[in-house]
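**Q**
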Amino acid sequence: MAHRQRQIANLGEAYDLTYPVQQLGTGANVLEEIAADTHAFGQVLKDAKRPALILGQGALARSDGAAILGLASRIAAATGMIGPAGAPAEGGWNGFNVLHTAAARVGALDLGFVPQVGGRDVAGILEGASKGEIELVYLLGADELDVEQLAAPS
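All the letters of the sequence shown, read from the start, carry residue numbers 6 to 159 under this note's numbering.
In structure tokens:
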């Protein structure tokens, strides 16, 4: 059985890694080119048996994070990163990943801890607390918030 060469590429800041990596650049324009099928690495992804993309959470936190997620999603759809349906053990594949910096947040999302109809997201909770509409906010390891915003009006 012939062994296929694995190719790994990086978009963003270059790092000194212990394995060979093709540096594609640092700008979101590279994602645009891959999504538009005008970048050579797009063909590498299409030809791969199980293509994968790992999107860092930092890319999503940028002001253009939604656009980056949209481009990554288009690339995943066009290159077979997701599919066919079914669990990996049943032949399905999901190579579209987001690397989070907060494992607890991912666990909460897996458990369905998301705002329901009429519920509040983080911005809504902060706003409600600052207006005195929310009396108690219980934070469990959520230290990235400006807790000053939780103070009720005097």
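C-beta atoms are modelled at their ideal positions from N, C-alpha and C, and glycine is treated no differently.
I need the DSSP call for Y129, collapsed to helix, strand or coil.
**A** Numbered from 1 along the sequence shown, position 124 holds the residue referred to as residue 129. Here residue 129 is Gly; the residue named in the question, Tyr, does not match the sequence. Three-state result, G129: helix.
**Q** Per DSSP, which one or two residues make a beta bridge with I87?
**A** For the purposes of this step, residue 87 is identified with residue 82 of the sequence shown, where counting begins at 1. DSSP output for I87 lists N99 as bridge partner(s).
**Q** Please classify G112: does DSSP put it in a helix, a strand, or coil?
**A** Counted from its first residue, the sequence shown places residue 112 at position 107. Helix.
**Q** For I73, is the classification buried or exposed, using 16 other Cβ atoms within 10 angstroms of its Cβ as the cut-off for buried?
**A** The sequence position of residue 73 within the sequence shown is 68, counting from 1. The residue in question, I73, is buried, as its Cβ has 16 or more Cβ neighbours within 10 Å.
**Q** Beta-carbon separation of N102 and I59 under 8 Å?
**A** In the sequence shown, the residue the question calls residue 102 occupies position 97. In the sequence shown, the residue the question calls residue 59 occupies position 54. Contact flag set, yes.
**Q** Grab the span of the alpha helix (DSSP H) containing A147 for me, first residue to last.
**A** Within the sequence shown, numbered from 1, the residue matching residue 147 stands at position 142. Unbroken run through A147: none, as it is neither H nor E.
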